[in-house]
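Position 104 of the sequence shown, counted from 1, bears residue number 101 in my numbering, the numbering being contiguous throughout. Beneath this line is the structure, given in structure tokens, with notes to follow.
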Amino acid sequence: MTEYLNVGKIVNTHGIRGEVRVISQTDFPEQRYQKGAKLTLFRKGNAPLDVTVSGHRKHKNFDLLTFEGYPTINDVEPFRDGILKVAEEFLTDLEENEYYYYEIIGLNVIDEQGNLLGKIKEILSPGANDVWVVQRKGEKDALIPYIESVVKEIDLDANEVHVEIPEGLLDDAD
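Right, here's the structure in full:
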């Protein structure tokens, strides 16, 4: 059976020319949204629908997409709230020390003393480097920058990440 990975959620239509507004959930928007890219649309109560990207542009915090064969707002209106996914077969191999978001989310975070800090629940991409949101028991989520000085080892087989936390990084900002 084919495995699918989330690319984005269609939150609305945009204009009258068949554009949809997507909240992106992919590490590689330039690859996933390029003209000719094959995606699969999943919607409650409907069979998965294969779509081909015919256009992409950024607008505010959204990716705007159009699909081949769906030229009007009426064509794409039923796509609202659908999840766009990519079949695993369309994933490309990454360079050494590069990871897909789905490989990182859910990993346990271990500090330099061997203590479990929590689990990575989300990845933010605010700018220069990604920031991992670590869910901690009984504490606020920790934000850990994905930089070499902090993230020491990623062990997918052991389902864990080893980090070295700089002084002050986890102090509550009250």
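Here a beta-carbon is modelled for each residue, glycine too, at the ideal position from N, C-alpha and C.
**Item:** Exposure of residue 56, with buried meaning 16 or more beta-carbon neighbours within 10 Å
**Value:** With a 10 Å radius around the Cβ and a threshold of 16 neighbouring Cβ atoms, residue 56 comes out exposed.
**Request:** Flag this pair as touching only if the segment 53 to 73 and the segment 120 to 138 have three or more C-beta atom pairs under 8 Å; answer yes or no.
**Result:** Judged by Cβ distances under 8 Å, the segment 53 to 73 makes no contact with the segment 120 to 138, as fewer than three pairs qualify.
**Request:** Compute the distance between the beta-carbons of residue 33 and residue 21, then report whether it is under 8 Å.
**Result:** In this structure, residue 21 does not lie closer than 8 Å to residue 33 by Cβ.
**Prompt:** Does the distance from the CB of residue 17 to the CB of residue 73 come in under 8 Å?
**Reply:** The answer is yes: Cβ separation under 8 Å.
**Message:** Excluding the 5 residues flanking residue 115 on each side, which residues of the same chain have their C-beta closer than 6 Å to its C-beta?
**Reply:** 106, 131, 132, 133.
**Prompt:** DSSP on residue 132, reduced to helix/strand/coil?
**Reply:** In this structure, residue 132 counts as strand in the three-state DSSP scheme.
**Closest Cα partner of residue 128 within the set 136, 109, 108, 102** = If we check each option's Cα against that of residue 128, 102 comes out closest.
**Item:** Minimum C-alpha distance to residue 43 - residue among 80, 109, 30, 84
**Value:** The shortest Cα separation from residue 43 among 80, 109, 30, 84 belongs to 80.
**Request:** Could you check if residue 7 is buried or exposed, using at least 16 other CB atoms within 10 Å of its CB as the buried criterion?
**Result:** Under this definition residue 7 is a buried residue.
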